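Residue numbers for the sequence shown follow the working numbering, beginning at 13 and rising by one.
Report on one structure; see the data block that follows.
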Amino acid sequence: MTTLEAGPAVVPRRALGRRGPFLPRWTVPVAAALAVLARIPFLGHAPGPDESGFLLVGAQWHGAGTSLYGNYFVDRPPLLVTIFQLADSLGGIPALRVLGCLAVIAVVVGCAQVAALVGGEQAGRWAAVTAAALCVSPLLGGYTVNGELLAAPFVVSGIIAVVRSLRSVDPRIGIGWMVVGGAMAMCAVLVKQNFADVAVFGVVALVVSIVRSEISLRRFVSLAAAALLGASAVLVMAAVWTAAHGTSLRGVFDAMFPFRLQASRVIAAGGRAHAWARLVRLIGVASASGLSILMLLVGIDALRRRRLGALGWGLLALLVFAVASALLGGNFWHHYLIGLIVPVSITTGVLVADRRGLARLLVVYVAVAAILAWAGTLAGPKGSEGETVGTAIAASAGSRDTIVNLYGHPDIVQTAGLASPYEHLWSLPAKTLDPKLTQLDTVLSGPRAPTWLVTGPTVRSWGLQTSATADLIVRRYRDVATICGHSIYLHDGVDRPVPRPRTTCRGTSPGASTKEPKS
């Protein structure tokens, strides 16, 4: 019986790595340090759309406004907005990237701890190598900081707490650990609402333990109650914090769950072709990084085992849930794969330590693929189209100017340094909540009409009724510049210098073609 199959009451003392591939004791800290060092060159790179958008939301979320979080809507939980609010107060993008480095350290070290608890010290070291490689691979989202990365430390911390609770000989200590596990589970959900990983792992491990009589019914009830206590305490604190910021708790719930279902229907109705194209790329990225191959190996190993322990079933359920969570959203962005790093790294570490030579070779492949992708990204441009457009507008804008970008690209708004009178900074919320663009047209035709308006090559986009909006733009705005394929409009009656880019688009293509303002 391997340690993966051992019952939860058994504390592993024997390192399986003595029979298999050996990694030295300093592997874990070195893996974590290298993962951080690999991200440092990207601290000054242009912000991604989500980074910019969440920073915009967090920066102005200080009280009630015209939308959910102050004056902006975002379909994310309040703890994520709070983290970005903290990052904005500490300096914006550089501070956010530093927080991302801290998250990577927590993930690498945390995966090592879980794998060591399940499969011995060697399992922990191989898990650390796997997690470090996957965390820095640009194939899985690159250097940007998103909700998946910020939720991962809470996920791995919660798993550690659940394992220690089940392994604890002292019932009181076990209850204390489970309170922590419940708290971390709720924190993860309050960063990214689909990250119920700790809850899935904990429920499966507890149920298997009671079914197999590895814990008593009394202990099962006490541990379950402890987890609910920890989760409830965090939920209450988050609710108080959110309400104190003037945000409706019902509105947050609707944004986290009913909105996501509605948005999925919108994607299925109008954006299926775009979503399927991203799915194909997602599968290709998962294969090139080695992530999908590791998952396949873990699945085959699980099927070949005659008997999985409670923790083994918990880890397998965690991996299945993480895959489903990444796919069911319907958008298929690359950074969704970050949610798979924790379960894949832990199970891979256990497989390697349990003398699975193929798993060891795959870890080497994952590390090499990550290094090659990292080098290619490092050699690429540091800028982005959004940053080029935004900084060009910022150089021409007045201190009280405002801006609306259609539809999405919050990085243009954030790098322009201007507020948006339209509540939707992202495309999907606009297509879900304002498909006829009634709210947008009200803004464009009213007293809060933005000084600057940025569109793509056209105003049209799938899922939206844009004819009235296009007419409004013709009547009230004039086209003054085209930068990196984005058309820039200035409100009639307002005189500003023509925006001119200071950098090329992403550092490779010609910067702009400009048009003199029409009289």
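Where is the CB? At the ideal position from N, CA and C, for every residue including glycine.
Remember, predicted model here, so these are calculated numbers, not experimental data.
| Query | Result |
| --- | --- |
| Can you say whether Cys517 is buried or exposed, counting buried as having 16 or more other CB atoms within 10 angstroms of its CB? | buried |
| At 4 residues or longer, and completely inside the stretch 241-325: list those alpha helix (DSSP H) runs for me, N to C. | 261-268, 270-282, 284-301, 303-316 |
| Anyone know if the C-beta pair for Pro433 and Thr414 falls short of 8 Å? | yes |
| Going by DSSP, what residues sit across from Arg490 in a beta bridge? | Leu502 |
| Tell me which residue opens and which closes the beta strand (DSSP E) that Trp73 is part of. | Looking at the DSSP string, Trp73 is not in any beta strand (DSSP E), and its letter there is neither H nor E. |
| Going along the chain, which residues of its own chain have a beta-carbon closer than 6 Å to the beta-carbon of Asp423, five neighbours each way excluded? | Pro59, Pro61, Ser64, Gly398 |
| Is Tyr348 near Gly302, with beta carbons less than 8 Å apart? | no |
| For the beta strand (DSSP E) containing Thr467, list its first residue and its last residue. | 464-467 |
| Look at the Cβ atom of Ala197, then the Cβ atom of Ala243, and state whether they are nearer than 8 Å. | yes |
| For Leu202, I'd like the list of residues in its chain whose CB is within less than 6 Å of its CB, leaving aside the five on either flank, ordered along the chain. | Pro89, Leu91, Ala250 |
| Start and end of the beta strand (DSSP E) containing Val416? | 415-417 |
| Compare the Cα-Cα distances from Pro165 to each of Val120, Gly186, Gly136 and report the closest residue. | Val120 |
| CA-CA distance, Gly77 and Phe85? | 10 Å |
| Which value, in whole angstroms, describes the spacing of the CA atoms of Leu261 and Thr94? | 15 Å |
| Assuming Leu323 contacts Ala217 (C-beta within less than 8 Å), just tell me the rounded distance between them. | 6 Å |
| If you compare alpha carbons, which of Val264, Ser357, Val42, Leu352 is closest to Leu294? | Leu352 |
| Please state if the CB of Val510 and the CB of Val486 are separated by a distance shorter than 8 Å. | no |
| DSSP three-state label for Thr515, please. | coil |
| Where are the beta strand (DSSP E) runs, 3 residues long or more, that stay fully inside the stretch 325-383, in chain order? | none |
| Buried or exposed: Thr400, going by 16 or more other Cβ atoms within 10 Å of its Cβ? | buried |
| To the nearest angstrom, report how far apart Thr254 and Phe265 are at their CA atoms. | 12 Å |
| For Ile495, which three-state DSSP category applies? | strand |
| Just to confirm, is the Cβ distance from Val168 to Ala118 under 8 Å? | yes |
| Can we say the stretch 335-348 touches the stretch 402-420, given the rule of at least three CB pairs closer than 8 Å? | no |
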